[in-house]
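Let me begin by presenting the structure, written as structure tokens, before commenting on it.
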Amino acid sequence: MNVLVYLVPAALALGGLGLAAFLWALKHGQFEDLDGAAWRAISDDDLPEDEKG
Amino acid sequence: MADAQDLSLFVRHPAEGVAAMDLVVDGVYCGACIATIEKGLSRQDGVRGARVNLASRRVTVEWNEGALDPPVILERLDALGYPAFPFASNTLDSVELQAEKRLLRCLGVAAFGAMNVMLLSVSLWAGADSDPNSATRDLFHWLSALVALPCAAYAAQPFYESAARALRARSTNMDVPISLGVTLALGLSVFQTLAHERLAYFDSAMMLLMFLLAGRFLDQRMRRRTRDFAINLSAIRADRAVKLFDGGEARETPIAAIQPGDLVLVRAGDRVAVDGTVEDGRSDIDQSLVTGETTSVAVFPGAQVYAGTVNLSGALRVRVESAASGTLLDEVHALLAKAVEQRSSYVQLADRAARLYVPAVHLTALAAFVGWLLLGAGWQHALVIAITVLIITCPCALGLAVPAVQVVAAGALFRRGLILNSGEALERLAEADTVVFDKTGTLTQPRPTLANAADIEAADLALAGALALASRHPLAKAVAEAAGAKEPMAAQEFPGEGVSATHRGEPVRLGSVLWCEAEAEAAPVAARWPDASLIALRMPERAVVFAVRQGLRPDAAAVVAEMARSYDIEILSGDREPAVALVAGELGVTRFEAGLKPADKIARLKALAAAGRRALIVGDGLNDAPALAAAHVSISPISAAHIAQAQADALFLGERLAPVADALRISAKARRLMLENLWLSVVYNLIAVPLAIFGYVTPLIAALAMSGSSILVTLNALRARDARRARR
């Protein structure tokens, strides 16, 4: 059962990391325009001219 | 000159030297629109940046203070092909947004807690529990407590606050048993852990919170989306007035920035945007939105004009009044205050269920406690049983039963062009058995159209159309539209009379019947279309008379016929008897009353209520507002007067009347589903409570029962989406 000594903290830490990421994203307005984000992902305006498809 | 705009009301200052403005943009649908708008605006000198929000159809523009004039941004967007409308984001908006974000944060925390506690619980259920000394189990319980207690302390706050509010007001709501259930589940679990016992309910408490928060969040988001949409609409429709400054300068100003005492200019063909007194000028006013009356009224210096009416013929200077003192408005406001008071006694289905449910659950738990004590069990064991009863009855499914259906049904209605102003409107709509329509603007289209086009020769219509294009008169617009005229004739306009021009060397005139000397030709047309406004075309040897009226909505006959099968239909109108009779005849409605004042409409509604009927009233005018507030439930078209919109339970968009029929159908279905869900919860409790009382409920059973019932209720609610697909 010694394996629990590091497995349980590891599981909690990973979960906590996920929660922290979610709260960060929420605070920075990542969920405010879900429709727009879907389109911005496929926009290639930020690429140099020769790489545009 | 009049095109200069004053937008200072809408400009924010987010940082030193930076100005920003929020705009509603019509017609953004995809990534290409985002790129066009953001790049197009950024190229403008002085603009720091622009950000499109596709979900809410809004753009936020920031620029360096003083580097450009705000109207330039509107012009720029217009040039890009996206007409934009500024709106002032109010504080209520950000409060609602904060509430939604908070619920999402709580949901995230609750989900984190539930998943991690479940991780530990599942391993206990899977066999970690079989360890003969309880060390592993206790360790897992302590770890669960370590996760669950802080998470619950944070995530359950919305429920605790709501429960506290209800208790302070000496009433109960669903949040009272929820708060109690969560608190007791956690408390009992800590107690059991201390006593090295097997049963701990950390997982149940966290899962309960997660499900309930998910429901709350969806509910809140639906509300905010609907409201955002309504704000966008009002920004697009926002009335502007041409304000006359002391120096004689005229500037188009948003209505929110107009103060009482200001002087505004109302041009012919404009909608009057303020209540006030005419200082200068003579004209005819179309008051149909205010009184339902379709004949126009003459105004002169000293006369009252009301917001929502249309100035037909001459330019007016109007002095804006602070408190509306017109007899009509006074009457409307007094009636409104009374009507609103009467309706606030409505009790929602969920609250009625809570009133029965809360005492029943608490009494059952108490009975279980006393029962086990009398049977000789120790007080500790009896207490554990009683708390288990409270946990298992925690209204997870019940809490979701009504809001889940509301969210789904409101979404279905939204897709069909109907916006609900409140959740309980759905329940009241479902109870309606009588539908009362206003005529003008509700059954008929808000814009006038040419009624007798079929009786008029094409050449005459074309000539009239070309003449009409030269006029600003709204009736002339209807003739021009019917003729499909593109090229205006060189014509001279005579305010209040009409236009005259020379056609093939002969003088021709288009205007009032009197001015065109066409009384003889007008008589038969007036008899055929009693609710129409007449204009005449005078040619040297003959005259033609056009009847312009507000035609029926395109699907009015079909929709009313369909509704008449399951509802009693009535028409109550402020218009003249012949006009109302004509419309009632076209729709096949036998019960109608004409020439009604606002108080008469309320009296009729009272009579209906006294006869045990529950009336849905559909109306748009200022004169309908008290009736809208007094009726059991009410719907307004989006073109309605502001005061009517504010009173209505729901608004429908577009030219068609179909959303009203959809609303009745979907709300009836939603109510059925709500009742089904409540019964599902009752059945669940009938099975789970005896198990809890006799001590058979383990944490595993509690977890399965709670999530099972919640999922069942949610799936059932999805049926409110309505199988008939939304027609585009």
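Residue numbers (the numbering used here), protein chains in the order written: chain D, 49 to 101; chain C, 509 to 1236.
By construction, the Cβ of each residue, glycine as well, lies at the ideal position given by its N, Cα and C atoms.
These figures come from a predicted structure and were not determined experimentally.
Under 8 Å between C-beta atoms of residue i and residue j
| i | j | result |
| --- | --- | --- |
| A1178 of chain C | A1228 of chain C | yes |
| I927 of chain C | A1158 of chain C | yes |
| R565 of chain C | V532 of chain C | yes |
| D711 of chain C | P1207 of chain C | yes |
| G810 of chain C | A776 of chain C | no |
| L517 of chain C | P768 of chain C | no |
| P954 of chain C | P982 of chain C | no |
| A959 of chain C | A1040 of chain C | yes |
| G755 of chain C | S91 of chain D | no |
| L576 of chain C | A592 of chain C | no |
| V684 of chain C | A656 of chain C | no |
| G635 of chain C | P911 of chain C | no |
| G949 of chain C | D788 of chain C | no |
| A1196 of chain C | I900 of chain C | yes |
| A876 of chain C | V892 of chain C | no |
Counted within 10 angstroms of its Cβ, other Cβ atoms place residue i as buried (16 or more) or exposed
| i | result |
| --- | --- |
| V630 of chain C | exposed |
| R1235 of chain C | In this predicted model, R1235 of chain C has a pLDDT of only 43, less than 50, meaning its place in the structure is not dependable; the value taken from the coordinates is given anyway. Exposed, by the Cβ-count rule. |
| G907 of chain C | buried |
| A1087 of chain C | buried |
| R1173 of chain C | buried |
| D511 of chain C | Residue confidence is low: D511 of chain C scores 48 on pLDDT, short of 50, so the model does not pin down where it sits. No coordinate-derived value is stated. |
| M509 of chain C | With a pLDDT of only 35 at M509 of chain C, under 50, the local geometry of the prediction cannot be trusted, and no value is derived from it. |
| V1221 of chain C | buried |
| N50 of chain D | exposed |
| A86 of chain D | exposed |
| L65 of chain D | exposed |
| A68 of chain D | exposed |
| A661 of chain C | exposed |
| H454 of chain C | Nothing can be reported for residue 454 of chain C, as the shown portion of chain C is limited to 509 through 1236. |
| T942 of chain C | buried |
| S602 of chain C | exposed |
| K751 of chain C | buried |
| P1134 of chain C | buried |
| V1191 of chain C | exposed |
| S1074 of chain C | exposed |
| F808 of chain C | exposed |
| W72 of chain D | exposed |
Extent of the continuous alpha helix (DSSP H) to which residue i belongs
| i | result |
| --- | --- |
| S550 of chain C | G539 to S550 |
| D586 of chain C | P578 to L588 |
| D1170 of chain C | A1166 to I1201 |
| H1239 of chain C | Coverage of chain C is limited to positions 509 through 1236, which leaves residue 1239 of chain C absent and any answer about it impossible. |
| Q665 of chain C | Q665 to R676 |
| M1214 of chain C | P1207 to L1226 |
| K1114 of chain C | P1106 to A1118 |
Given residue i as reference, the closest of the options once Cα atoms are compared
| i | options | result |
| --- | --- | --- |
| A868 of chain C | C:A1135, C:T680 and C:Y668 | C:T680 |
| S550 of chain C | C:L588, C:A1133, C:A1148 and C:A970 | C:L588 |
| E1101 of chain C | C:A938, C:P911 and C:F945 | C:F945 |
| G1019 of chain C | C:S979, C:T896, C:G1082 and C:Y662 | C:S979 |
| R1121 of chain C | C:D1076, C:L969 and C:L721 | C:D1076 |
| R1099 of chain C | C:P1106, C:L1090 and C:A1107 | C:L1090 |
| S652 of chain C | C:G616, C:L702, C:C614 and C:A674 | C:L702 |
| D1108 of chain C | C:E1094, C:G1082, C:A1118 and C:G1093 | C:G1082 |
| A1044 of chain C | C:L726, C:R1017 and C:L921 | C:R1017 |
8 Å contact criterion, which residue i and residue j should meet: CB distance rounded
| i | j | result |
| --- | --- | --- |
| V1141 of chain C | V1067 of chain C | That belief does not hold up - the Cβ atoms of V1141 of chain C and V1067 of chain C are roughly 17 Å apart, past 8 Å. |
| A459 of chain C | E570 of chain C | This structure does not reach residue 459 of chain C, given that chain C is present from 509 up to 1236, and the question cannot be answered. |
| I744 of chain C | D530 of chain C | About 13 Å; that fails the 8 Å criterion. |
| V774 of chain C | L824 of chain C | 5 Å |
| N819 of chain C | D778 of chain C | 5 Å |
| A697 of chain C | A664 of chain C | Sequence check: residue 697 of chain C is Ser here, not Ala. Not quite, the Cβ-Cβ distance comes to about 14 Å (not below 8 Å), so this is no contact. |
| N1131 of chain C | E1184 of chain C | That pair is no contact at about 40 Å. |
| I1143 of chain C | L1124 of chain C | 7 Å |
| L1161 of chain C | G925 of chain C | 4 Å |
N-terminal and C-terminal residue of the beta strand (DSSP E) that residue i is part of
| i | result |
| --- | --- |
| G879 of chain C | Careful: G879 of chain C lies outside any beta strand (DSSP E), inside the alpha helix (DSSP H) at L857 to L882. |
| W571 of chain C | R566 to N572 |
| A993 of chain C | Careful: A993 of chain C lies outside any beta strand (DSSP E) and carries neither H nor E. |
| S1142 of chain C | V1141 to P1145 |
| F1002 of chain C | Q1000 to F1002 |
| L975 of chain C | Here L975 of chain C belongs to no beta strand (DSSP E); instead the alpha helix (DSSP H) covers A966 to L977. |
| T761 of chain C | A758 to P762 |
Any chain A beta carbon closer than 8 Å to residue i
| i | result |
| --- | --- |
| N740 of chain C | No chain A appears in the structure shown, which is made up of the protein chains D and C. |
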